[in-house]
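Structure first, then comments.
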Amino acid sequence: MSSNVHSSRQRSWAVLVRALIAFLCGGVLALSTSADPASAHAALLETSPAEDEVLDAVPDSAELRFNEPVELIDGAIRLFPSSGDVQTLEAQTRDHSVIVDLPQELPDGTYSLTYRIVSADGHPVGGAVTFHIGEESDSAPAPTTPDADSTPTSTETAVIILTVMQYLGLLTFAGLLFFDAMVRRSPARPDRTTRRVARWGIGLGVMASFLLIPVSALRITGQALTSIVDLSSWVLGIRVAPTILAAVVLLAGSLALLLFGRRRRSRVAPRAAVIVAAVTVASPVLVGHSQTMEPIWLMSAADIGHLLAGSFWVGGVLGLVLTLRSMSPHRPGITSDVDAALAVVERFSRFALYSVILLAASGTLMAVLIFSEPNKVITTGYGRTLLIKLIIVAAIITVAAWNRKRILPSIATEPRSYERWGHLCQTLSYEAALLIAVISVTGFLSNSSPDHQHQDQTQQESVASEISFGAESQGLVIDGQVDPGATGANTFTFDLTYNGEPVSSDDVEVSARLPEQQLGPLSTTPMFDSETGKYTAQLTLPTSGDWEVQVSARVSRFEQPIALVPVRIN
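In terms of numbering that gives the first Met the number 0, the numbers along the sequence shown are unbroken and rise by one, the last being 569.
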């Protein structure tokens, strides 16, 4: 009778576990594929009024059309007038556009409409559009606005650190569960140390996931990390995806931990723990670049495969170290089951090979989807950071290959050689350190834009009374003047040289932004005069301050150096 009751309870437990697994898997799959297709970051395609357009009358609204659906940030659409104070405007989204309601009692003059929106990958994107009512203004007073940079360094750094902590915790936790079910294969519960490490892993992942909710909101609203104590400064920047991610990590991780620590009367609990752990470690696909690369389902699948393979490697190495520590085959004088330890190592080596193949396939597919042009692997900061990650991964594979081809065969010939077991434990510790480095680089990559052009600028201070400017960066030298160097319409005249040779490219762009007012970028394409060898660009700068003028020139198919120069507008 008691046997039947026990069997009934066991079947009920299995049904409940399967139901919870189905719910979690279905929810994550539905959420990860629900976003609309998009590119790396939202890009402004068209505006109405157009940049620098002169209008006879005030239109009812302004339209900003992007290449993807975007989200609004309350209070982030502002109008800088040629006279009077800055105004915060109401706006709404429609398809891929932002519709801004314009005040109808605007006097003639120059206006700059600034915006700050959230792209599909959760990153803030800002800019400005300048237009004129009736006629252009000769000058514009500086409006009073909060003094905040668009992306404070403290906030961006905190997001990266928390992302690294999130990945480290989730990969370690899920990997330990994978190792226990697929490699260790013991009917007994894992030892106390392994269970404690698993708890620390999921605890770290849960803590980082929940802290990312307010810190990511601070990044969206453009606030410094110290503003986290002021709820009103970031609550409007909270987004749904990070919140759902934190909830999935908490619920799925708690269930997986419960299953992992249960006494094993059957194989239901270990298998269920593996599936729920897979859901936990795959949850980061709900945010970031997986939601912006088309086709989303393929990018999400590749990202999930990458996370699963990475978690097996990270948690597997740690699990193997803990297992060997408990079996103690490398400690003289301690009785241990050397054959069992050797079997565990050989199984891990076999599964590690499979994980390398999955890592390579998924990583290659993700790179193809992310980089529209192969040269971006070298010409962008994101691509160069990815190359650093690949170099570290190559080092890990080298260490793993050494273990598989040299150390394991030597242990197999002399399984009771304490020195050879000790050598294996030492190389595993090296492998673990390199894996932590890979996770750190991955955390940085997940918060970087694949289209971001790295800039190494040498800036030159300009005196307020001077109208000349100049800079040198990446071999590109710019030397010119701005006239009149005051608020309103300005003419930039400059010449360019690259590696000592004059530049006459038609592919030159000029943009200006005022960081302290979150104004810009204001962009234009300069005209080249072949007789004088100089470029001329027209920009309307609606307010005084320390502007940053960026000049980029396509000098060859693979080279587009960028120079950034500060210009003081009075």
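Glycine included, each C-beta is placed from N, C-alpha and C at the ideal position.
Counted as a single uninterrupted DSSP element, the stretch harbouring THR379 is not any beta strand (DSSP E), since DSSP gives it neither H nor E. For TRP546, the uninterrupted beta strand (DSSP E) segment begins and ends at 544-552. For GLN425, no pairing in a beta bridge is given by DSSP. The three-state secondary structure of ARG93, taken from DSSP, is strand. Burial state of GLU52 is exposed, judged by a 10 Å Cβ sphere holding fewer than 16 other Cβ atoms. Straight through space, the alpha carbons of SER348 and ASN402 are spaced by roughly 8 Å.
With respect to ASP478, GLY469 sits close: the two C-beta atoms are nearer than 7 Å.
In the structure shown, ASP478 adopts extended strand secondary structure according to DSSP, grouped into three states.
It is roughly 24 Å from the alpha-carbon of GLU530 to the alpha-carbon of GLN559. Nearest to VAL128 by alpha-carbon distance, out of SER510, VAL275, THR535, ALA366, is SER510.
Around the C-beta of ASP73, fewer than 16 other C-beta atoms lie within 10 Å, and the residue is accordingly described as exposed. Counting the other Cβ atoms within 10 Å of the Cβ of MET298 gives 16 or more, which makes it buried. For GLN537, the uninterrupted beta strand (DSSP E) run begins and ends at 533-540, by DSSP. Distance from the Cα of ARG188 is smallest, within the candidate group ILE387, PRO48, ALA268, LEU495, for ALA268. Three or more beta-carbon pairs separated by less than 8 Å are not found between the region 498-509 and the region 82-93, which leaves the two stretches without contact.
Counting the other CB atoms within 10 Å of its CB gives THR490 a total below 16, which places it among the exposed residues.
C-alpha of LEU521 to C-alpha of ARG567: approximately 16 Å in a straight line. Between the C-alpha atoms of VAL481 and LEU54 there is a straight-line separation of about 26 Å. Comparing alpha carbon positions, the residue from THR397, LEU43, ASP107, ASP84 closest to PRO68 is LEU43. About 5 Å separates the Cβ atoms of VAL398 and GLU430, confirming a contact at the 8 Å cut-off. If the five residues before and after ASP528 are omitted, its C-beta is found closer than 8 Å to the C-beta atoms of TYR534, THR535, all from its own chain and listed in chain order.
In summary, ARG184 is exposed, with fewer than 16 beta-carbon neighbours lying within 10 Å of its beta-carbon over all protein chains present. Here DSSP, grouped into helix, strand and coil, assigns ASN402 to helix.
In the three-state DSSP reduction, VAL507 falls in the strand class (E or B). For ILE76, the three-state secondary structure derived from DSSP is coil. Exclusion of the five residues before and after THR242 leaves ILE212 as the residues of its chain whose Cβ lies within less than 8 Å of its Cβ. Only residues of its own chain outside the window of five on either side were considered, and among them VAL376, LEU385 have a CB closer than 8 Å to the CB of ALA366, listed in chain order. Counting along the chain, GLU155 sits inside the alpha helix (DSSP H) bounded by residues 152-178.
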